[in-house]
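Heads up: the structure comes next, in structure tokens.
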Amino acid sequence: MTTDILLPDKLDTDAAAPLFDVLAEALGTDATLDGRGCRGIGTLCAQVLLLFVRASEGHGTTIRLLPSDGLADDLRLLGLDGLLPDQGEHA
82 MTTDILLPDK
92 LDTDAAAPLF
102 DVLAEALGTD
112 ATLDGRGCRG
122 IGTLCAQVLL
132 LFVRASEGHG
142 TTIRLLPSDG
152 LADDLRLLGL
162 DGLLPDQGEH
172 A
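Here the sequence shown is numbered in my numbering, starting from 82 and rising by one per residue.
Given below as structure tokens:
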């Protein structure tokens with residue numbers, strides 16, 4: 082079963098707790114994170130996203146991220162290029 086998760090347009094500090102809750106519920110399933118409408122991500126939400134991806138690896142599930150240009154740029158600036166589709170197994 083694949084879980085489709087639509088990321089909000091802005092992943093700032095206020096979005097961190099709701100993002101954590103949504104991702105925690107999806108843990109253990111293959112998931113597609115649709116961030117094509119997301120303008121950017123802050124460090125706290127990036128940490129939540131990274132935690133989810135690493136925990137999913139431990140569960141043997143696949144995470145697919147569909148980033149907008151803004152989301153991809155922010156992840157690169159934070160050194161999280163490995164979460165991007167053109168950079169490894171999370172695509």
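Even for Gly, the Cβ is constructed at its ideal location relative to N, Cα and C.
The model shown is predicted, which means the values in this text are computed figures rather than measured ones.
Here A105 is exposed: its Cβ has fewer than 16 other Cβ atoms, across all protein chains shown, within 10 Å.
Following the DSSP letters along the chain, one finds R135 inside the alpha helix (DSSP H) bounded by residues 124 to 140. A112: member of the beta strand (DSSP E) spanning 111 to 116, first to last residue. By alpha-carbon distance to L114, the top candidate from T124, Q128, V134, H140 is V134. In the three-state scheme derived from DSSP, where H, G and I count as helix and E and B as strand, D85 is classed as strand. Around the Cβ of L100, a 10 Å sphere holds 16 or more other Cβ atoms; the residue is buried.
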